[in-house]
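Chemist: Using the numbering used here, the letters of the sequence shown map in sequence onto residues -17 to 668.
Glycine is no exception: its CB is placed at the ideal position from the N, C-alpha and C atoms.
If you're wondering where the values come from, they're calculated on a predicted model, not measured in any experiment.
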Amino acid sequence: MELYAVPGSDKHDLASLDPDSLVAASYLQLLCPQQWTLVHSADDALPQLKHHGQHIHSTAILHHLESTSASSEPTAAHPDAKAFHALLDSTLLPLVLHSLYSLPQNWAFVRSLLAPALPFPTAFYRPNALRAHAQHTVEATHPEWWGLGGEADREAEEERKRKKALLETGIEGIKERKDGERRDGKERMKKTFGEGKIVSAARQVFTALESTLAASSTPYFFSSSSPTPLDAHLSALLSLVLYLPLPTPILADLINASFPRLWAHSALLRRTLWSPDSVPLPKVAGGSASKATASGGVFGGFVATLREVVLPAPVRAYFTPSIQPRQGASTDSRTSTSSSKPAALSKKDRDFARKRYAFFAVCAVGLVGWGFGTGAFPVPPLARKDAAISAAWPKLFQMAQAHSWANLNYAVEKSDINEHYGNGMAAMGLRMFTEQPGLGWWRPVEETTTTDMAPCAVCSATAAQLCSRCRGASASGLKQAISLERMADSKRKAPTEVAYCSTEHQRSDWSRHKLACKAAPYKGTKRPRELAERGAPVMSLLTQPTTEAELHRSLIPFPKDLPRETKYERLIDAFRLHQDDQFYWNQKREGLYKTPQEDPYPLFVKFVKRARPHLPTWWSDDDTTRVLAMSRTHPWARLDTPVEKAEVNERYQNPSTALGLRMWTERVTGVRFGGSTSPLPPIPVE
-17 MELYAVPGSD KHDLASLDPD SLVAASYLQL LCPQQWTLVH SADDALPQLK HHGQHIHSTA
43 ILHHLESTSA SSEPTAAHPD AKAFHALLDS TLLPLVLHSL YSLPQNWAFV RSLLAPALPF
103 PTAFYRPNAL RAHAQHTVEA THPEWWGLGG EADREAEEER KRKKALLETG IEGIKERKDG
163 ERRDGKERMK KTFGEGKIVS AARQVFTALE STLAASSTPY FFSSSSPTPL DAHLSALLSL
223 VLYLPLPTPI LADLINASFP RLWAHSALLR RTLWSPDSVP LPKVAGGSAS KATASGGVFG
283 GFVATLREVV LPAPVRAYFT PSIQPRQGAS TDSRTSTSSS KPAALSKKDR DFARKRYAFF
343 AVCAVGLVGW GFGTGAFPVP PLARKDAAIS AAWPKLFQMA QAHSWANLNY AVEKSDINEH
403 YGNGMAAMGL RMFTEQPGLG WWRPVEETTT TDMAPCAVCS ATAAQLCSRC RGASASGLKQ
463 AISLERMADS KRKAPTEVAY CSTEHQRSDW SRHKLACKAA PYKGTKRPRE LAERGAPVMS
523 LLTQPTTEAE LHRSLIPFPK DLPRETKYER LIDAFRLHQD DQFYWNQKRE GLYKTPQEDP
583 YPLFVKFVKR ARPHLPTWWS DDDTTRVLAM SRTHPWARLD TPVEKAEVNE RYQNPSTALG
643 LRMWTERVTG VRFGGSTSPL PPIPVE
């Protein structure tokens, strides 16, 4: 008899890591000792018993063995034994499957044992198939068990960490971190209460089994003088949770602490059935693969399986010379020659082998092309880089002298660069590029050093960085005083620059240096009107809404039919109106309304962060980046230009647009204007 079963673990002396396979092996070891062979297989329908040409599946193995061998149970005990077998399958088996496959840490451990024991390529998908079958079995009897008692799966955990890391530096960083902490708390609570629920269910099952064993006059069920199939069934299931060093041993801890009879019963059956001299040596299904696995372990099985895929047995036999024993003197030479020649392949086999080689050749060429094309296989780019440099320098010098914009004869400032490229962060990106230590093939011949830089203002060591505020003010003043040629020739530093050896020293010195920092004061493109300059409100000449539906629609801050760029403008206008209302109604000066003026951009970033839950559902981090860039460069929606209610209504040709944006802003900030104390009105939506 041959039992085809899921492989076991050589490290922990278990015939199989699959509960059904281990139960079937225990039946055979009990009823047919030393009359069967264990065959490790990776098929789907396991376990399977092969006996006299018959293939018996797992549910019928015990019945087949009892019909072919003398049963050790009393006849009166058979009905009770069948009932207990069904009880173990419906109560204890789901507990064992949950412990092995549902708890994430245990599942990772079981998968690490299964993968080396399975042949290639089944090691990649067979463990997941076993887990899916275990989940189906558990959910068939206890739908709420799967997922209890453990943290999230590794895939979901990694995805959450990746998303959290991406958003830590974005607008929603703080909110996402808080949500992540809240989710982690829920997972810990789920783990605690889930383990309690599983332990409670296991305690009920173990109590019933413990009382049944206690009622027996012998160590076995039904007062039997020898082990019964029911004893083998129970021992096989408990062995998987007692003798495997699982990272989360909730069932083993419960048995060791509260059910000593079950532990002793499992240990007794393990010594009785699985003594070293009675355990059959397992073999692997298949001829050549089994030999390679037995001789070379996991690597040998991989090589044998790969050899079977690439070079089938008929083709290998054709190309392998046949070694024949030396023929006697009386043997006919023609017979000897014909017997040593291998059989010729048929045309079908030759075509199949040729197509197989062509397939693997195409795969190899595609892999190499993909590696070099995507950069996965790095190629030394020296020759290509030198050629590119030689071809680029003349064009670069010619452009620097004759280009209408990128001309060295004209000075340029940060705002000019941002306006030219239509991106509020273009100048900052170029500055970061030029400040890095190595600039690739753009690096000049003589790299800039810090020998002419002032020493660190804190420790007088060699400085490595400057105060960016002072450096920006000095560069702006020098550009107005001297030409680019003089700047290129001059090696002196502006007297207002303060140098530091590290960021930590710069931070520690900021409280002293900020009083003398020569940063240029911020100045908007337009000064806001004071209250005395505004006078009385002016009646709007725009067409007023005539129906309730038109009024409702005019108050919607972000209508669906508006282009996305217009919605960006409305968000910026909502912030600018909020600052104007703060000044007009609450006499609170912020940003441009302060004296001297301050850059309102940091306040706008905080405003967008608070407004994120109230923005349309399609809003993403990319939209946030675009609206922040627009607030610096747009000809209308610029943060450095104040705006009033009448201008917003005139811009959108709607007398209620400013009112709708104000209602939406009050919901975002929680700040009411005009002395109102009534509850915040709902935001109109389409």
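Rounded to whole angstroms, what is the Cα-Cα separation between Ser602 and Val587?
Modeler: Approximately 15 Å between the Cα atoms of the pair.
Chemist: Classify Ile237 as helix, strand or coil using the three-state DSSP reduction.
Modeler: The answer is helix: DSSP assigns Ile237 an H, G or I state.
Chemist: Taking contact to mean 3 or more Cβ pairs, one atom from each stretch, closer than 8 Å, check whether the region -5 to 10 and the region 211 to 230 are in contact.
Modeler: Contact holds: three or more Cβ-Cβ distances are below 8 Å.
Chemist: Based on DSSP bridge pairs, tell me the residues matched to Ile38.
Modeler: Ile38 is bridged to Leu31.
Chemist: What did DSSP end up calling Ala481 once you bin it into helix, strand or coil?
Modeler: In this structure, Ala481 counts as strand in the three-state DSSP scheme.
Chemist: Can you tell me whether DSSP reads Tyr(-14) as helix, strand or coil?
Modeler: Tyr(-14) falls in the strand class under three-state DSSP.
Chemist: Would you kindly check if the distance between the Cβ of Pro101 and the Cβ of Ala24 is under 8 Å?
Modeler: Closer than 8 Å, so yes.
Chemist: Which value, in whole angstroms, describes the spacing of the CA atoms of Pro231 and Ser81?
Modeler: Distance between the alpha carbons of Pro231 and Ser81 is about 8 Å.
Chemist: Beta-carbon separation of Leu224 and Trp245 under 8 Å?
Modeler: The answer is yes: Cβ separation under 8 Å.
Chemist: Look at the alpha carbon of Thr210 and the alpha carbon of Pro229, and state the distance between them as a whole number of angstroms.
Modeler: Their Cα atoms are separated by approximately 32 Å.
Chemist: Can you name the residues that DSSP bridges to Gln117?
Modeler: For Gln117, which the question treats as bridged, DSSP gives no partner whatsoever.
Chemist: Could you please give me the residues that DSSP links to Gln447 through a beta bridge?
Modeler: Note: Gln447 sits in a beta bridge opposite Tyr482.
Chemist: Suppose you measure from the CA of Ile538 to the CA of Ala611; what does that come to, to the nearest Å?
Modeler: For Ile538 and Ala611, the distance between alpha carbons rounds to 24 Å.
Chemist: What does Leu212 pair with, by DSSP beta-bridge criteria?
Modeler: According to DSSP, Leu212 bridges with nothing at all.
Chemist: Measure the C-alpha to C-alpha separation of Leu130 and Val653 and round it to an integer number of angstroms.
Modeler: Using only the alpha carbons, I get a separation of about 45 Å.
Chemist: Just checking my contact of Arg558 with Phe565 at CB under 8 Å: how many whole Å lie between their CB atoms?
Modeler: Their Cβ separation, rounded to whole angstroms, is 11 Å, which puts Arg558 and Phe565 out of contact at 8 Å.
Chemist: Do you know how far the Cα of Asn389 is from the Cα of Arg402?
Modeler: Residue identity check: residue 402 is His in the sequence provided, not Arg. Whole-angstrom Cα-Cα distance: 14 Å.
Chemist: If we call anything under 8 Å between Cβ atoms a contact, is Ala116 one with Leu79?
Modeler: In contact: Ala116 and Leu79 (Cβ atoms closer than 8 Å).
Chemist: In terms of residues, what are the limits of the alpha helix (DSSP H) holding Met612?
Modeler: Asp603 to Thr615 is the extent of the alpha helix (DSSP H) around Met612.
Chemist: Is the distance from the Cβ of Val625 to the Cβ of Asp562 below 8 Å?
Modeler: Yes; because the gap between Cβ atoms is below 8 Å, this pair is in contact.
Chemist: In chain order, what residues of the same chain have a beta carbon less than 6 Å from the beta carbon of Trp128, not counting five sequence neighbours either side?
Modeler: Same-chain partners within the cutoff: Ser84, Gln117, Val120 and Glu121.
Chemist: Sort out for me which residues DSSP pairs Ala(-9) with in a bridge.
Modeler: Note on residue identity: the sequence assigns Ser, not Ala, to residue -9. Paired residues: Leu(-4).
Chemist: Using the three-state DSSP reduction, which class does Tyr583 fall into: helix, strand or coil?
Modeler: Here Tyr583 sits in helix by DSSP.
Chemist: Please state the DSSP three-state secondary structure of Cys345.
Modeler: Note: Cys345 maps to helix in three-state DSSP.
Chemist: CB-CB under 6 Å to Gly(-10), same chain, minus the five flanking residues each way: which ones, in chain order?
Modeler: For Gly(-10), where only same-chain residues beyond five positions count, the Cβ hits under 6 Å are Leu(-4), Ala(-3), Ser(-2) and Leu(-1).
Chemist: For Glu551, count neighbouring C-beta atoms within 10 Å of its own C-beta (all shown protein chains included) and say buried if the count is 16 or more, exposed if not.
Modeler: Buried, by the Cβ-count rule.
Chemist: Kindly indicate which three-state DSSP category Ile538 falls into: helix, strand or coil?
Modeler: Coil at Ile538, not helix or strand.
Chemist: Cα separation between Leu236 and His33?
Modeler: One C-alpha to the other measures close to 40 Å.
Chemist: If I'm right that Ser3 touches Leu44 with Cβ under 8 Å, what's the distance once you round it to whole angstroms?
Modeler: The Cβ separation is near 13 Å, so there is no contact.
Chemist: Between Leu641 and Tyr583, is the Cβ-Cβ spacing less than 8 Å?
Modeler: Contact flag unset, no.
Chemist: Assign Trp387 to buried or exposed, taking buried as 16 or more other Cβ atoms, counted over all protein chains shown, within 10 Å of its Cβ.
Modeler: Classification for Trp387: exposed.
Chemist: How big is the Cα-Cα spacing for Tyr(-14) and Gly355?
Modeler: Approximately 46 Å, taken between the alpha carbons.
Chemist: My output table needs one value for Asp622: the three-state DSSP class, helix, strand or coil.
Modeler: Looking at Asp622 - three-state DSSP - the assignment turns out to be coil, as it is neither helix nor strand.
Chemist: Since Thr651 is in the alpha helix (DSSP H), which residue starts that stretch and which ends it?
Modeler: From DSSP, the alpha helix (DSSP H) with Thr651 extends over Thr639 to Thr651.
Chemist: In angstroms, rounded to a whole number, what distance separates the CA positions of Ser94 and Trp646?
Modeler: Whole-angstrom Cα-Cα distance: 55 Å.
Chemist: Would Asn636 and Ser536 be called neighbours here (beta carbons separated by less than 8 Å)?
Modeler: Yes, these two residues count as a Cβ contact at 8 Å.
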